[in-house]
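Worksheet: one structure, shown below.
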Amino acid sequence: MADILRVLARKVFPPLFTIRIREGRAERVQGKVTPAFLDDCSGISRRSGITSGWIWGHLSPSGVRLEFSSGIGEGDRQRFRNTAGVHGK
Numbered sequence: 002m003a004d005i006l007r008v009l010a011r012k013v014f015p016p017l018f019t020i021r022i023r024e025g026r027a028e029r030v031q032g033k034v035t036p037a038f039l040d041d042c043s044g045i046s047r048r049s050g051i052t053s054g055w056i057w058g059h060l061s062p063s064g065v066r067l068e069f070s071s072g073i074g075e076g077d078r079q080r081f082r083n084t085a086g087v088h089g090k
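Last residue of the sequence shown: 90 (the working numbering), numbering continuous.
Here it is, written out as structure tokens:
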């Protein structure tokens, strides 16, 4: 049920950007992200063994908030958040 609500929320409030991880490589699907941020996301994915997944960037009162598909673990999520902070996402 929670997954359905997340999908509906993305339809009503579309993300600023969407990144797809495929075979350890991050690629922009929608929105604007810097090449450096994508390169860092690819590096995190390769080092962590993430072969597939999704990252969405949503605008929040405190800046951009990242949302992740369920296959990305909490430790890796924090690495992506740290990288986003460095790149100003």
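For glycine and all other residues, C-beta sits at the position ideal for the given N, C-alpha and C. Small disclaimer: the values here were computed from a predicted structure and weren't measured.
Flag this pair as touching only if the stretch 63-79 and the stretch 25-41 have three or more C-beta atom pairs under 8 Å; answer yes or no. no
Go ahead and label D41 buried or exposed: buried means 16 or more other beta carbons lie within 10 angstroms of its beta carbon, across all protein chains shown. As a first step, residue 41 must be located in the sequence shown, where it is residue number 40. Counting Cβ neighbours within 10 Å, D41 comes out buried, since at least 16 surround it.
Of the choices L60, I45 and D77, whose alpha-carbon is the least far from that of T19? On the sequence shown, position 18 is the one that residue 19 refers to. It is L60 whose Cα lies nearest to the Cα of T19.
Pop quiz: I45 and D77 are said to be a contact at Cβ under 8 Å. What is the actual Cβ separation, rounded to whole angstroms? One-based indexing of the sequence shown puts residue 45 at position 44. One-based indexing of the sequence shown puts residue 77 at position 76. That pair is a contact at about 6 Å.
Looking at the ligand FMN, does it come within less than 7 Å of G32, judged from the CB to the closest heavy atom? For the structure depicted, the ligand FMN is absent and the ligand set is empty, with no information on it obtainable.
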